[in-house]
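Enquirer:
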Amino acid sequence: KRISGTGMNPLELIENDQLTDYEARNLNVNPTLSYDDDTFDVVTCVVSIDYLIHPIEVLKEVRRVLKPGGKVIISQSNRCFPSKAIAMWL
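For the sequence shown, the numbering used here gives the first residue as 25, with consecutive numbering after it.
(1) Mapping the DSSP letters down to three states, classify residue 43 as helix, strand or coil.
(2) Can you list, in chain order, the stretches of the beta strand (DSSP E) that have 3 or more residues and sit fully within the region 29–84?
(3) Just to confirm before moving on: does the CB-CB distance between residue 96 and residue 90 stay below 8 angstroms?
(4) Return the bridge partner residues of residue 99 from the DSSP annotation.
(5) By alpha-carbon positions, which one of 107, 70, 47 ends up nearest to residue 59?
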């Protein structure tokens, strides 16, 4: 079973013992995912979509790496950090 992670903080990724592999990447700088097409059954985006500068491009990448019929789960926090959120969400 493969559980991959992509995030900005390599220390958090290293400490996450549920991950089988990970990549530290700032999706605001490079909104691509380094996985092959049709790789995953499920992709999650946990409390981070509201901080993406190019959320549409990232979601297109999510679609690309999902297997046909795959699911995407997006969660948002009920907290707002105006210094981090992009203008579209404020």
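By construction, the Cβ of each residue, glycine as well, lies at the ideal position given by its N, Cα and C atoms.
Expert: So, from the listed chains and residues:
(1) coil
(2) 45–48, 64–70
(3) yes
(4) 70
(5) 47
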